[in-house]
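For what it's worth, our numbering labels the leading residue of the sequence shown as 131, then goes sequentially.
Idealized CB from N, CA, C, for every residue including glycine.
Predicted, not measured: the structure shown is a model, and the values here were computed from it.
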Amino acid sequence: MSAEQSSNVWVPVCCGRVMRHNMFLMKDGGGYGALVCTICNKNITLEQEPLANVKTYGEGSRVLSVLGSPKPPKDDRRKAGSDAALDDRTL
């Protein structure tokens, strides 16, 4: 099933919380986004690129559906049981 047909989305999490998403528009009409952790201030910059350029990233590359929210819930998203080790801030 492709990312467009999947009923699931990726939720960016850091420090056990959903990361905040901000979008910025530039004067030239372009824009970019940022995922920001409200706990440790780690951020990930997202740049726009035409969908046609995806093939230049090589075999196995795929487009992901990612949730972005300017006001995400403040609930902890800790995993129960053996998945707790996946909540490593260094990843």
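Query                                                                                                                                                              : Result
Going by the DSSP bridge assignment, what does residue 155 pair with across the sheet?                                                                             : 161
What would DSSP say about residue 175, mapped onto helix, strand or coil?                                                                                          : strand
Please classify residue 148: does DSSP put it in a helix, a strand, or coil?                                                                                       : strand
Which one of 168, 169, 178 has the shortest CA to CA distance from residue 159?                                                                                    : 178
Pick from 186, 205, 143: whose alpha carbon is nearest that of residue 170?                                                                                        : 143
Give the DSSP-derived three-state secondary structure of residue 193 in the structure shown.                                                                       : coil
Alpha carbon to alpha carbon, what distance is there between residue 183 and residue 164?                                                                          : 21 Å
In this structure, how does DSSP classify residue 184 when only helix, strand and coil are distinguished?                                                          : helix
Take residue 152 and list the residues in its own chain whose beta-carbon comes closer than 7 Å to its own, dropping the five residues that flank it on each side. : 163, 164, 166, 200
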